[in-house]
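Numbering (our numbering), first residue to last: 29 to 166. Here a beta-carbon is modelled for each residue, glycine too, at the ideal position from N, C-alpha and C. Owing to the predicted nature of the structure, the values given are computational and were not obtained by experimental measurement.
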């Protein structure tokens with residue numbers, strides 16, 4: 029299947045779950061997402077290297093440092109996201125992608141399309157969040 033065909037294709041609940049076409053669709057979606065993150069990271073590094081000049085004004089320097097700190101926090105979150113994308117790609121290779129880690133049930137196509145790194149079905153995720161809230165409130 030060409031990448032143009034994959035881009036035009038939209039998985040549905042009517043077809044067999046995680047058939048080869050769906051797996052290829054999610055693989056390409058994940059790889060495109062990862063490529064975008066890596067491209068943005070390279071741009072950030074280039075910007076940080078260019079920005080390393082000294083600012084004579086203290087307010088400019090403080091603003092620049094604040095922007096840099098925010099950018100670095102964002103990149104750190106994206107670094108963690110890349111690890112999740114890589115794990116999802118590995119699950120595709122292993123044949124476990126799209127199935128809930130807790131229940132083994134299929135994760136809905138709409139959920140996977142919205143969040144392709146999902147490891148829990150919507151029900152399992154909601155249950156997990158309720159348990160988390162209970163422990164946090166204690």
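Next on the checklist: Using a 10 Å radius around the Cβ and a threshold of 16 neighbouring Cβ atoms, would you call residue 144 buried or exposed?
Outcome noted: The residue is buried, with at least 16 neighbouring Cβ atoms inside 10 Å.
Checklist entry - For residue 130, which option in 60, 116, 148 and 118 has the closest C-alpha, if you only look at C-alpha atoms? => result It is 148 whose Cα lies nearest to the Cα of residue 130.
Next on the checklist: At the level of alpha carbons, what is the spacing between residue 100 and residue 69?
Outcome noted: One C-alpha to the other measures close to 10 Å.
Checklist entry - Which residue's Cα is closest to the Cα of residue 127: 146, 114 and 111? => result Considering only alpha carbons, the answer is 146.
Item to check | Integer Cβ distance of residue 117 from residue 58, believed to fall under 8 Å | outcome: That belief holds up - the Cβ atoms of residue 117 and residue 58 are roughly 6 Å apart, short of 8 Å.
Checklist entry - Pick from 62, 48, 42 and 134: whose alpha carbon is nearest that of residue 109? => result Looking at the Cα atoms, 62 is the closest of the given residues.
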